[in-house]
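One structure is given below, encoded as structure tokens.
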Amino acid sequence: MSGLALRGISKAYGGNHILRDVTIEAKPGEFVALVGPSGCGKTTLLRIAAGLDHPDRGSVWLGERDMTAMRPSGRDIAMVFQSYALYPHLTAGQNIAVPLAMRNLTVWQRLPWIGSLLPGQRETRAEIQRCVFETARSLKIDHLLDRKPAQMSGGQRQRVALGRALVRSPAAFLMDEPLSNLDASLRVHTRSEIVELHRRAGVTTLYVTHDQAEALSMADRVAVMMGGRLLQFDTPEAIYGNPAHIEVARFIGSPQINLLAGEVDAAHGIRIGGRLFVEGVGATPGTRVTIGFRPEAIKLGGSSQAGLGASVKRIEFLGSETLVFLELAGGGGSLVAKLAPAEATVLNPGQAVTIAVASGEVLVFGSDGSRLPVAPAMRMAANG
Amino acid sequence: MTTRSWNLARVLRLATLSSGALIFLGPYVWMVSTAMKPREEIFSSSLALIPDRWAAVENFSKVFTRVPMLQLLMNGAIVCAVILVVQVLVALPCAYALAKLRFPGARLMISGIMLGLLVPIHATALPIYVALSGAGVLNTYFALAAPFLISVFAIFLFLQFFRAMPDDLINAARLDGMSEFGIVLRVIVPNAWPAITAFSIFSVVAHWNDLFWPQIVVTETAMAPPPLGLIFFRAAEAGDDYGALMAATVVVTMPLLAAFLLAQRRFIEGITLTGLKG
Chain A
1 MSGLALRGIS KAYGGNHILR DVTIEAKPGE FVALVGPSGC GKTTLLRIAA
51 GLDHPDRGSV WLGERDMTAM RPSGRDIAMV FQSYALYPHL TAGQNIAVPL
101 AMRNLTVWQR LPWIGSLLPG QRETRAEIQR CVFETARSLK IDHLLDRKPA
151 QMSGGQRQRV ALGRALVRSP AAFLMDEPLS NLDASLRVHT RSEIVELHRR
201 AGVTTLYVTH DQAEALSMAD RVAVMMGGRL LQFDTPEAIY GNPAHIEVAR
251 FIGSPQINLL AGEVDAAHGI RIGGRLFVEG VGATPGTRVT IGFRPEAIKL
301 GGSSQAGLGA SVKRIEFLGS ETLVFLELAG GGGSLVAKLA PAEATVLNPG
351 QAVTIAVASG EVLVFGSDGS RLPVAPAMRM AANG
Chain B
1 MTTRSWNLAR VLRLATLSSG ALIFLGPYVW MVSTAMKPRE EIFSSSLALI
51 PDRWAAVENF SKVFTRVPML QLLMNGAIVC AVILVVQVLV ALPCAYALAK
101 LRFPGARLMI SGIMLGLLVP IHATALPIYV ALSGAGVLNT YFALAAPFLI
151 SVFAIFLFLQ FFRAMPDDLI NAARLDGMSE FGIVLRVIVP NAWPAITAFS
201 IFSVVAHWND LFWPQIVVTE TAMAPPPLGL IFFRAAEAGD DYGALMAATV
251 VVTMPLLAAF LLAQRRFIEG ITLTGLKG
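So this is what it looks like as structure tokens:
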């Protein structure tokens, strides 16, 4: 088992920078998700890892081997494509057998007619058949081996594509949005299956997706990319709770994080609507900042309580939780709060409420989008 | 289809198509009919498709006894096969490289192919003739096939077809360990049968029926492809024996007809086979 490292990768197409100095190192056996909006360069990065594209600068390492100049076939890496890319003229079984046949049979043995006369060919073919069948059984597609891709559903094709990648036990897996062509219920199901597969095989995996929920739920670590840059590479918990950049905070989490504009005052605090929100912000007074807090961090109180005044615009009941859309008093902006359904039963549209956010839950971003430090001691004081 | 009612529009459509088919089939039917008629009936003033006295045996036996008809058919088959095989062998990798590989000069080469499509054989016939004559290879199969061995049309047709093939399919093949030639052989060709079949029909029809080029480089009956053989036959033997001439024509068109009907089935199979996505 070996780790997969992309170091200092830059790539430009005709002056258009797709990747700028991206470094991602996946530890052996780790499941890393690359997430970002479309066009952020995540697929290009995956293609560079596969050897289908070449970086202008930077290197690709598999374990201790520098693979930057190596051809895709020499890299011992398997890839699952978004379109599955199954060979349409071959059956599912033949599709899965291709990578083994290309590796374990010689050029002469692969030839039709002549190949079948050569020694050792029969044994190797039988061995390949056994591997194909075993892989197919682990994916529960052993009854589909004689079908062509055109005769299979999207989910079945997806499994065959997984099988083709799994069968030769590669040193690393690359997956390019493998779930995006499946319908919603199948997607959630396959998601857990892929995680289970990864847990069993323990192969280092690089998984590209634009779906933040997929990235958070599946990966050991998540790399958030935007505009060709790596913004943050950390555990799902840290990406969600401790985003390093305003774009990360905005991209991760559904519903979106609440963001309000503010300014650091002389006492290093930030006031919204006349109320002190955070203290101890590590920035010079007068700096324009944006503060952010997750929808579930908002505590609503009656209009008589102390807090930021707001009115309820709309209430969405989602079963396990309720979303409350709020309008700040005095046109200060709109927010969304996530409450337990029981808490929300007393609310009605148009009702005046107050908003309180524990200061420990407030994130402060500078005008360039980077996180600003908030002194923990001061935070405690603000809580009290 | 069968349950649709016979409304006016459908009748009109069928009538138009049928009359068109008749116009195209007419000469062929007349050729077959003439091949069955004795001499006196061909020149009689009455028009009849069915002859009063059948002279098919007489006409066809003349064809096979007075000219080396089997030799002519063989010549045609060899020349067409050589042309087609080399054309496809050259055009497949060439079109693959132009469609799917990035290399300097690719765009220039594609423009070159477009230009090549515009140049007819008649423009280059004379220099090629001089070259072949200088090399002393006139009256050979090579001279018959040489100008057509590289077909820009084939490259163009395959190029268009390959461009529509998903890049991921080729990338998957590369990751599976195939070389570029392996990709052409194992991924492109099995999925390009519709294009290859379509091109084969064009190529074989054009070169089986070609009279222009054989007339330039072949002067011996032993090397003549069928259409040139017909000319020799008319000049030497048939004179005004149109029955025998038409019988010879029927014989010459038969292989093409058979080949087309076979290829047509394959062609339709090929189309239903394409299901890359779906």
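Those protein sequences? They're chains A and B, same order as listed.
Sequential numbering from 1 applies to the first sequence in UniProt numbering.
Sequential numbering from 1 applies to the second sequence in UniProt numbering.
Even glycine gets a Cβ: it sits at the ideal position worked out from N, Cα and C.
Glutamine 232 of chain A: member of the beta strand (DSSP E) spanning 229 to 234, first to last residue. Around the beta carbon of lysine 100 of chain B, 16 or more other beta carbons sit within 10 angstroms, so the residue counts as buried.
By the criterion of at least three beta-carbon pairs nearer than 8 Å, the stretch 352 to 365 of chain A is in contact with the stretch 288 to 301 of chain A.
At a cut-off of 8 Å between beta carbons, methionine 67 of chain A makes no contact with chain B. Per DSSP, reduced to three states, the secondary structure at serine 83 of chain A is coil, with no helix or strand assignment. Assignment of valine 98 of chain A by DSSP, reduced to helix, strand and coil, places it in the helix class. Assignment of glycine 292 of chain A by DSSP, reduced to helix, strand and coil, places it in the strand class. Shown here, serine 19 of chain B sits in a helix according to DSSP, grouped into three states. The CB of leucine 52 of chain A comes closer than 8 Å to the CB of Asn171, Arg174, Leu175 in chain B, given here in chain order. If only complete runs of 3 or more residues are kept, the stretch 116 to 201 of chain A shows the beta strand (DSSP E) at 172 to 176, in order along the chain. Asparagine 139 of chain B carries a coil assignment under DSSP once its states are collapsed to helix, strand and coil. Counting along the chain, histidine 17 of chain A sits inside the beta strand (DSSP E) bounded by residues 16 to 26. Between the stretch 193 to 207 of chain A and the stretch 94 to 114 of chain A, the count of Cβ pairs shorter than 8 Å is below three; the stretches do not touch. DSSP places valine 248 of chain A in no beta strand (DSSP E) but in the uninterrupted alpha helix (DSSP H) bounded by 246 to 251. Excluding residues up to 5 positions away in sequence, Asn181 lie with their Cβ nearer than 8 Å to the Cβ of serine 83 of chain A in the same chain. At a cut-off of 8 Å between beta carbons, phenylalanine 173 of chain A makes no contact with chain B. Excluding the 5 residues flanking it on each side, isoleucine 216 of chain B has same chain C-beta neighbours closer than 8 Å at Ala125, Tyr129, in chain order.
The three-state reading of DSSP puts valine 32 of chain B in helix, counting H, G and I together. Comparing alpha carbon positions, the residue from A:Leu105, A:Ser2, A:Val22 closest to methionine 225 of chain A is A:Val22. With 16 or more neighbouring CB atoms inside 10 Å of its own CB, aspartate 176 of chain B falls in the buried class. For leucine 179 of chain A, the closest of A:Thr190, A:Ala172, A:Ala12, A:Lys42 by C-alpha to C-alpha distance is A:Thr190. With contacts defined by Cβ atoms closer than 8 Å, leucine 216 of chain A and valine 222 of chain A form a contacting pair. DSSP places valine 203 of chain A in the coil class of the three-state scheme, outside both helix and strand. According to the DSSP assignment, valine 107 of chain A belongs to no beta strand (DSSP E) but to the alpha helix (DSSP H) extending over 107 to 110. Each residue's CA atom was taken as its position, placing lysine 37 of chain B and arginine 53 of chain B some 7 Å apart. Cβ-Cβ separation between valine 80 of chain A and leucine 162 of chain A: approximately 6 Å, consistent with a contact (criterion under 8 Å). With a cutoff of 8 Å on beta-carbon distance, isoleucine 150 of chain B and valine 205 of chain B are scored as not near each other. The Cβ neighbour count for asparagine 7 of chain B, taken over all protein chains shown within 10 Å, is under 16; the residue is labelled exposed. Straight through space, the alpha carbons of glycine 112 of chain B and proline 104 of chain B are spaced by roughly 14 Å. Interface flag for proline 166 of chain B against chain A is set, since a Cβ pair is found closer than 8 Å. In the DSSP assignment, alanine 81 of chain B falls outside any beta strand (DSSP E) and within the unbroken alpha helix (DSSP H) covering 69 to 100. Membership of tryptophan 54 of chain B in any alpha helix (DSSP H) is not indicated, and neither H nor E is assigned to it by DSSP. Selection B:Leu144, B:Gln87, B:Gln160 evaluated against methionine 114 of chain B yields B:Gln160 as nearest (Cα-Cα).
Glycine 41 of chain A and alanine 49 of chain A have their C-alpha atoms roughly 12 Å apart. A distance of 8 Å or more separates the beta carbons of isoleucine 239 of chain A and isoleucine 298 of chain A. Residue-level contact by beta carbon holds for proline 190 of chain B and chain A, with a gap shorter than 8 Å.
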